[in-house]
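Okay, so here's the structure we're looking at.
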Amino acid sequence: MKICHLTSVHPADDIRIFVKECRSLALAGHDVYLIAPNTENKIIDGVKVVGVSSTASNRYSRMIAAAKSVYTAAIEVDADVYHFHDPELMIIGLLLKKKGKKVIYDVHEDVPEQVLSKQWIPKLLRKNISVSVKKMEKYAASRFDAVVTATPTITKRFKTYNANTVTVHNFPILQELMGNPSESQTAERKESSFLYIGESRNFVASKRWFRRSKF
């Protein structure tokens, strides 16, 4: 199957997009393309990267110009499935859907909630924009073939828009953490390391706990 991932914001080597999704699909035998901004055309680990220009001077022009470039490149690829990663590309997803393509929306963040704390958006406008974004996501998601989210909380909201919604966590791929088994068997025991995945407000408390522990 020919699958094309789209982003107008993230770099081509984004961990979630490239490593977890594109590369995994290529390893599974699919013909995978990744359209991303400000990168050259190349093939990495079986993934065909297509670079589009993104020289916009501000956020607003980027949303328009970059999205247009991504759409043009997407049409040229002519994939069976399009999987996009930015809320700015919802309109692109709807246009591709009109052309009879399978479309997946990958929701990395709770965008309506994020809008409420965006410093570059005038405070008086944030609530109205947040409500508008939420309505747009509801409208678009209900028309897409599937939705992928990064957390169960986001999944819960999108399930009410589209029953075909799943969670793909931003956890590392297990095989990349295990290393070479033959090397690990002969290597000396190393100092333990810990990885904290959670809210920043709880990080200090966790750090203090580890300092008091015997680890």
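Residues 81 to 295 in the numbering used here are what the sequence shown spells out, letter by letter.
Note that beta-carbon positions come from the ideal geometry of N, C-alpha and C, so glycine has one too.
Since the structure is predicted, the reported quantities are computational estimates derived from the model, not experimental observations.
Shown here, residue 109 sits in coil according to DSSP, grouped into three states, outside any helix or strand. For residue 214, the enclosing alpha helix (DSSP H) has its first and last residue at 203 to 221. For residue 172, the three-state secondary structure derived from DSSP is helix. A straight-line Cα-Cα distance of about 11 Å links residue 209 and residue 198. With contacts defined as CB atoms closer than 8 Å, residue 89 and residue 102 fail to qualify as a contacting pair. Assigned with DSSP and collapsed to three states, residue 229 falls in strand. Taking one beta carbon from each stretch, the region 119 to 128 and the region 178 to 186 have fewer than 3 pairs nearer than 8 Å; the two do not touch. Residues of the same chain with a CB within less than 6 Å of the CB of residue 110, apart from the 5 flanking positions on each side, are 81, 83 in chain order.
Taken atom to atom, the span from the alpha-carbon of residue 129 to that of residue 98 is near 10 Å.
The Cβ atoms of residue 246 and residue 228 sit closer than 8 Å to each other.
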